[in-house]
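Engineer:
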Amino acid sequence: MSTFDNGSSISERLKKGGVSRRDFMKFCTTMAATLALPSGFALKIAEALEKAKKPTLVWLEFQDCAGDTEALLRATKPTVADIVLDILSVDYHETIMAPSGKQAEKSLMDVVKNLKGKYIAVVEGSIPVKDGGVYCCVGGKSALDIAKEVCGNALVTINVGTCSSFGGIPAAKPNPTGAVSTKEAVPGITVVNLPGCPVNVENLTATVVHFLTFGSLPSMDKLGRPYFAYGKRIHDNCERRSHFDAGQYVKNWGDEGHRQGWCLYEMGCKGPESFHNCPSVKYNDGTSWPVQAGHGCFGCASPNFWDTMTPIYRRLPNVPGFGVETTADKIGAGLAVATAAGLALHGIAKAARSKGEKTEE
Ligand code: SF4
């Protein structure tokens, strides 16, 4: 990939870092799976990465909680962490870089000046535009001015987390700082949105790997989210789905159903209304994800989730802007009727299911 040219190839760096061929191929297979490509593409990815130059990347933090930075640094297996950090060459990142103050700001401006149109800007956090952008300043400049300069000259801007993608929690009503997404703050730039609280670093890496392999960004939905990561409904891939279909719902935290891993729909899970690959990719090197850990999804990858998906622990029958799965509503309604009848739990499940099926018909 000629776009990036700042030294040795990724494969040379991996060799220097002591990463084995086996681990490298394992990583390429994982990336092919994350990108929803057939496993044969692992070889194509490996070939492309072996030739690719390390991309220059700058990471901006604005109105955020630093959760996405934590996600970047979270890799637990050293070999994978090495690979990830080797592919994402971070030339500027306030939180993790050694230089500070003027020296750090110079690093950022050097990239903007010397690599105009060739670097990747990653943005974490929303951008306040109210009152001239005074609510978030770094090095004497407003986040708005920094974003215009850095994102406006980047090859592509990748928004990590929901705040930079859609405004996130800072933009929740009444949005006192006038927080907006990067795309709203700097119209006309090319963006990839990777919302979620925090971003799943596998999706960030896969987006960059896609670019290095195919020379293009992954295909995206109308919200600017790559289909490979946001094309499927959480509910359809959830490991608790069989319990949903059987009408087996957790009624209280810690009850028997909760201990048995039943469906969290009645505890407020927004999985039927949310699109993300959490159930298949999971977090922390595939260790777990919220629903597996026993907590419902609260739709953090959706725009305005703090206003539209709350209260978190109450099931919302209608969420503006998002289609609620018909079956979910009908089975839920059936279960409520069965509960009122005072049936035994197993009986409730059966009754709810058959009632749901009848209503569908
Ligand atoms: Fe999983 Fe939530 Fe759907 Fe239940 S409602 S199956 S917990 S996504």
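With my numbering applied, the sequence shown closes on residue 363, and no number is skipped along the way. All residues carry an ideal CB built from backbone N, CA and C; glycine is no exception.
Tell me whether tryptophan 264 sits in a helix, a strand or coil according to DSSP, three-state version.
Structural biologist: Correct three-state label for tryptophan 264: coil.
Engineer: Could you tell me which of Ile148, Asp133, Lys115 sits nearest to glutamate 63, measuring between CA atoms?
Structural biologist: Ile148
Engineer: Does DSSP put glutamine 65 in a helix, a strand or coil?
Structural biologist: strand
Engineer: So the beta strand (DSSP E) histidine 95 belongs to, where does it begin and stop?
Structural biologist: 91 to 95
Engineer: Cα separation between glutamate 14 and glutamate 52?
Structural biologist: 8 Å
Engineer: For a quick check, are the C-beta atoms of glycine 141 and glutamate 107 less than 8 Å apart?
Structural biologist: Less than 8 Å divides the Cβ of glycine 141 from the Cβ of glutamate 107.
Engineer: For valine 243, verify whether its CB is less than 7 Å away from any heavy atom of the ligand SF4.
Structural biologist: One point to set straight first is that residue 243 is arginine, not valine, in the sequence displayed. Because some heavy atom of the ligand SF4 lies under 7 Å away, the Cβ of arginine 243 counts as near it: yes.
Engineer: Which of helix, strand or coil does DSSP assign to proline 313?
Structural biologist: The three-state secondary structure of proline 313, taken from DSSP, is coil.
Engineer: Using three-state DSSP, classify phenylalanine 324 as helix, strand or coil.
Structural biologist: A caution first: phenylalanine 324 carries a pLDDT of 40, below 50, which makes its placement in the model unreliable, though a value can still be read off. The answer is strand: DSSP assigns phenylalanine 324 an E or B state.
Engineer: Going straight from the alpha carbon of arginine 242 to that of histidine 278, what length do you get?
Structural biologist: CA-CA distance, arginine 242 to histidine 278, rounds to 16 Å.
Engineer: Count the other CB atoms, across all protein chains shown, that sit within 10 Å of the CB of valine 339; report buried if there are 16 or more and exposed otherwise.
Structural biologist: Because the pLDDT of valine 339 is 38, which lies under 50, any placement of that residue in the model is unreliable, and the number read from its coordinates should be weighed accordingly. The residue in question, valine 339, is exposed, as its Cβ has fewer than 16 Cβ neighbours within 10 Å.
Engineer: Could you say which of Asp66, Gly42, Trp61, Leu90 lies nearest to threonine 209 if we only look at CA atoms?
Structural biologist: Leu90
Engineer: Rounded to whole angstroms, what's the CA-CA distance from phenylalanine 168 to serine 183? Just pull it up for me.
Structural biologist: 5 Å
Engineer: Looking at glycine 298 and the ligand SF4, is the gap between the Cβ and the nearest heavy atom below 7 Å?
Structural biologist: yes
Engineer: If we count the other Cβ atoms within 10 Å of its Cβ and call it buried at 16 or more, is tryptophan 255 buried or exposed?
Structural biologist: Exposure of tryptophan 255 is indicated by the presence of fewer than 16 other C-beta atoms within 10 angstroms of its C-beta.
Engineer: Keeping to the same chain, check which residues put their C-beta closer than 8 Å to that of lysine 17; ignore five residues upstream and five downstream.
Structural biologist: none
Engineer: Would you check if the distance between the CB atom of valine 60 and the CB atom of valine 158 is smaller than 8 Å?
Structural biologist: no
Engineer: What does tyrosine 121 pair with, by DSSP beta-bridge criteria?
Structural biologist: In the DSSP output, where bridge partners are listed per residue, tyrosine 121 has none listed.
Engineer: So which of Ile129, Val194, Met269 has the shortest CA-CA distance to lysine 150?
Structural biologist: Ile129
Engineer: How close, in whole Å, do the beta carbons of isoleucine 47 and threonine 215 come, if the pair is a contact with beta carbons under 8 Å?
Structural biologist: 5 Å
Engineer: Taking one C-beta from the stretch 260 to 267 and one from the stretch 124 to 139 each time, how about it: are there three or more such pairs within less than 8 Å?
Structural biologist: no
Engineer: Using the beta-carbon count (16 or more within 10 Å), is threonine 192 buried or exposed?
Structural biologist: exposed
Engineer: For a test of the three-state rule: what should DSSP assign to isoleucine 129, helix, strand or coil?
Structural biologist: strand
Engineer: Grab me the residues of leucine 117's own chain with a C-beta within less than 7 Å of its C-beta, minus the 5 sequence neighbours each way, in chain order.
Structural biologist: Thr58
Engineer: On the three-state DSSP scale, how would you describe tyrosine 285?
Structural biologist: strand
Engineer: For the alpha helix (DSSP H) that asparagine 116 lies in, which residues bound it at each end?
Structural biologist: 103 to 116
Engineer: If distances are taken between C-alpha atoms only, which option among Ser102, Val188, Thr310, Phe213 comes closest to lysine 272?
Structural biologist: Residue Thr310 is the option with its Cα nearest to lysine 272.
Engineer: Could you give the first and the last residue of the continuous beta strand (DSSP E) run that contains leucine 196?
Structural biologist: 193 to 196
Engineer: Proline 176: buried (16+ other C-beta within 10 angstroms of its C-beta) or exposed?
Structural biologist: exposed
Engineer: Is the closest heavy atom of the ligand SF4 to the C-beta of glycine 233 under 7 Å?
Structural biologist: no
Engineer: Under 8 Å by Cβ, that's how I've got alanine 73 and valine 194 pegged, so tell me the actual separation to the nearest angstrom.
Structural biologist: Between alanine 73 and valine 194, the beta carbon gap of about 16 Å keeps them out of contact (Cβ cut-off 8 Å).
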